[in-house]
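Structure first, commentary second.
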Amino acid sequence: MKKIRLGELLDIGKSYFKSEKKLDNKMDLFFKNQFRGDFIFTNRGMTAIQALIEDFNLENSEIIIPNFICSDVFSNLFKHNNIIPKIVDCEKDSFKISLKEVKKKITNKTKAIMIVHTLGIANNPEEFAKFCKKRGLILIENCAHCFHTKYKKEYLGSFGDASIFSFRSKEVRSFVGGMYLNNRRKISEKVRNKLDKFRYKREDLIRAINIFKISNLLSKIRRNVAPNAKFSNVGKKHEIYHIPKIGKALFCYHIENMDILKKKKMALKLYNGLSNKKIKIFISEKEVKEFSARSFPLMLKNRAEVYDKLLKLGLNPGKGWTPTFSENEFAKKKWNLSNTGNAEKYSRELLTISLDEINDKNIAKIVELLDFHKNKERL
Numbered sequence: 008m009k010k011i012r013l014g015e016l017l018d019i020g021k022s023y024f025k026s027e028k029k030l031d032n033k034m035d036l037f038f039k040n041q042f043r044g045d046f047i048f049t050n051r052g053m054t055a056i057q058a059l060i061e062d063f064n065l066e067n068s069e070i071i072i073p074n075f076i077c078s079d080v081f082s083n084l085f086k087h088n089n090i091i092p093k094i095v096d097c098e099k100d101s102f103k104i105s106l107k108e109v110k111k112k113i114t115n116k117t118k119a120i121m122i123v124h125t126l127g128i129a130n131n132p133e134e135f136a137k138f139c140k141k142r143g144l145i146l147i148e149n150c151a152h153c154f155h156t157k158y159k160k161e162y163l164g165s166f167g168d169a170s171i172f173s174f175r176s177k178e179v180r181s182f183v184g185g186m187y188l189n190n191r192r193k194i195s196e197k198v199r200n201k202l203d204k205f206r207y208k209r210e211d212l213i214r215a216i217n218i219f220k221i222s223n224l225l226s227k228i229r230r231n232v233a234p235n236a237k238f239s240n241v242g243k244k245h246e247i248y249h250i251p252k253i254g255k256a257l258f259c260y261h262i263e264n265m266d267i268l269k270k271k272k273m274a275l276k277l278y279n280g281l282s283n284k285k286i287k288i289f290i291s292e293k294e295v296k297e298f299s300a301r302s303f304p305l306m307l308k309n310r311a312e313v314y315d316k317l318l319k320l321g322l323n324p325g326k327g328w329t330p331t332f333s334e335n336e337f338a339k340k341k342w343n344l345s346n347t348g349n350a351e352k353y354s355r356e357l358l359t360i361s362l363d364e365i366n367d368k369n370i371a372k373i374v375e376l377l378d379f380h381k382n383k384e385r386l
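Counting from 8, one number per residue, gives the positions in the sequence shown under our numbering.
Next comes the structure, spelled out in structure tokens:
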């Protein structure tokens with residue numbers, strides 16, 4: 008994930024010192040232009056999911072969910088809400104789950120199905136919406152990766168009964184923040200009352216540290232001191248907190264400075280460069296041209312080696328979600344989960360390149376590096 012340069016801090020500061028009401032109005036207007044449903048802003052994507060669970064009374068139920076997902080977050084939420092996950096594998100050469108496989112997981116305890124638009128790639132929302140309506144199930148769209156993304160003239164997030172968004176280290180570099188959207192009705196008073204009760208002001212300073220490049224240094228120190236440390240959200244119960252003002256200021260700054268056309272141009276250049284070298288990409292040309300995918304997903308058997316070399320090029324590549332639900336030690340033990348096949352493979356091999364970081368100067372170097380390692384894998 009690309010860090011904010013020091014030169015940007017002045018403009019971010021100007022945004023922060025605006026009245027909170029002005030920031031709220033700007034955020035409200037941005038999303039009201041996309042969605043007709045009712046929404047609230049929260050301090051994290053996890054908190055938005057907790058709001059959704061309580062709003063639709065999904066406690067003590069079963070939810071069908073992709074195996075390839077941020078397992079620590081959902082293990083924690085499902086544990087505290089007594090929800091049993093029914094995991095579904097990804098399709099071959101795709102992050103999507105199929106309706107055919109989902110149908111096999113439905114029981115009389117199933118209340119909801121969650122689809123994830125991984126890296127902005129739509130997971131057939133129309134097909135799932137039609138099925139869920141027919142069966143009386145709740146369709147949840149996980150839009151953590153698809154900020155401001157259209158699918159067939161509608162924004163992703165508007166197809167399901169409810170959707171969740173995350174602004175932390177995703178499409179918008181707000182480092183904090185999330186949103187819960189209810190497309191079916193007004194959000195219940197019990198959820199809104201909790202939001203008014205819990206205002207987590209301490210988080211402003213804690214999350215703001217990530218704005219500075221010094222956060223990279225702190226991460227390196229942590230890795231050297233405790234290289235084998237494992238961090239998990241399991242065990243921590245999350246209340247429904249407001250997004251802090253620093254998150255609002257960063258969000259507003261970024262939507263004012265988005266350059267979608269430039270990003271799309273770079274995406275096509277990188278896609279063409281990789282395609283010409285026959286380097287396998289996990290997105291189609293159509294998805295790149297429609298600009299639904301916001302990162303380039305690659306599958307590499309020698310991922311660690313390529314990852315280190317991309318770091319030397321000044322990039323911050325991602326490794327997707329590790330572990331999957333079936334490989335999460337807590338989840339595997341609690342719900343007796345077994346491996347599904349594709350998801351585990353993707354978790355080991357996935358490497359993503361953010362479109363925020365590519366430019367005319369480094370595209371050729373990226374293609375050259377990946378072409379070298381593609382040929383090396385064949386040896």
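We put the beta carbon where it would ideally sit given N, CA and C, even for glycine.
Query raised in the report: What do you get for I247, buried or exposed, if any count of 16 or more other CB atoms within 10 angstroms of its CB means buried?
Result: buried
Requested in this report: For the alpha helix (DSSP H) holding T54, just list the boundary residues, first then last.
Outcome: G52 to D62
Query raised in the report: Which value, in whole angstroms, describes the spacing of the CA atoms of N67 and N366?
Result: When only Cα atoms are considered, N67 and N366 end up about 48 angstroms apart.
Report task. Name the residue from N149, I70 and F46 whose alpha carbon lies nearest to the alpha carbon of L202. Result -> F46
Query - Residues near Y278 by beta carbon distance below 6 angstroms, same chain, minus five either side - result: V295
Query raised in the report: Hey, C139 and I120 are a contact pair by Cβ (cut 8 angstroms); roughly how many whole angstroms apart?
Result: Sure, about 6 angstroms apart at Cβ, within 8 angstroms.
Query raised in the report: In or out: T114 buried (at least 16 other Cβ within 10 Å) or exposed?
Result: exposed
Requested in this report: To the nearest angstrom, report how far apart K93 and K137 are at their CA atoms.
Outcome: 20 angstroms
Query raised in the report: What does A4 pair with, by DSSP beta-bridge criteria?
Result: Within the shown structure, residues of the chain are numbered from 8 to 386, placing residue 4 beyond reach of any answer.
Requested in this report: Note down the Cα distance separating I253 from N283, rounded to an integer number of angstroms.
Outcome: Going by the C-alpha atoms only, they are around 43 angstroms apart.
Query raised in the report: If you follow the beta strand (DSSP E) that S26 is part of, which residue opens it and which one closes it?
Result: Careful: S26 lies outside any beta strand (DSSP E) and carries neither H nor E.
Requested in this report: Could you tell me whether the Cβ atoms of F172 and Y353 are closer together than 9 angstroms?
Outcome: no
**Report entry** the segment 183-195 touching the segment 162-170, judged by at least three CB pairs closer than 8 angstroms
**Finding:** yes
Query raised in the report: Taking the C-alpha atoms as reference points, what is the distance between D266 and A151?
Result: 20 angstroms
Query raised in the report: From this set, S82, L376, V374 and S333, which residue's C-alpha is nearest M53's C-alpha?
Result: S82
**Report entry** Coil, strand or helix - P234 by DSSP
**Finding:** Bear in mind that a pLDDT of 46 at P234, under 50, signals an unreliable position, so the model cannot answer this.
Query raised in the report: Three-state secondary structure (DSSP) at D367?
Result: coil
Query - Pairwise C-alpha distance: K383 and L275 - result: 25 angstroms
Report task. With a threshold of 16 other CB atoms inside 10 Å of the CB of L126, please say whether the residue is buried or exposed. Result -> buried
Query raised in the report: Going by alpha carbons, who is nearest to R51 out of R175, N335 and S302?
Result: R51 has its Cα closest to that of R175, out of R175, N335 and S302.
Query - Limits of the unbroken alpha helix (DSSP H) element including F138 - result: P132 to R142
Query - C-alpha gap between G143 and T117, whole angstroms - result: Going by the C-alpha atoms only, they are around 10 angstroms apart.
Query raised in the report: Can you name, in chain order, every residue of its own chain whose Cβ lies under 7 angstroms from the Cβ of P330, other than the five neighbours on each side?
Result: Cβ neighbours of P330 beyond the five flanking positions: S78 and S354.
Requested in this report: State buried or exposed for A371, treating a residue as buried only when at least 16 other CB atoms are found within 10 Å of its CB.
Outcome: Of the other Cβ atoms in all chains shown, fewer than 16 fall within 10 Å of the Cβ of A371; this residue is therefore exposed.
**Report entry** Helix, strand or coil at T114 according to DSSP, with G and I counted as helix
**Finding:** coil
Query raised in the report: Does DSSP classify Y353 as helix, strand or coil?
Result: helix
**Report entry** From V123, E133, I76 and I262, residue whose alpha carbon lies closest to that of M34
**Finding:** I262
Report task. Given a cut-off of 9 angstroms, decide if N74 and T359 are closer than it, judged by their beta-carbon atoms. Result -> No, Cβ-Cβ distance for T359 and N74 is not below 9 angstroms.
Requested in this report: Please list, in chain order, all residues of the same chain as I104 whose beta carbon is under 6 angstroms from its beta carbon, the five residues on each side excluded.
Outcome: P73 and V95
**Report entry** DSSP three-state assignment for Y248, whether helix, strand or coil
**Finding:** coil
Query - Minimum length 4: unbroken alpha helix (DSSP H) runs contained in the segment 313-342 - result: 336-342
**Report entry** Through-space distance from E161 to N40, alpha-carbon basis
**Finding:** Spanning the alpha carbons of N40 and E161 requires a straight line of approximately 11 angstroms.
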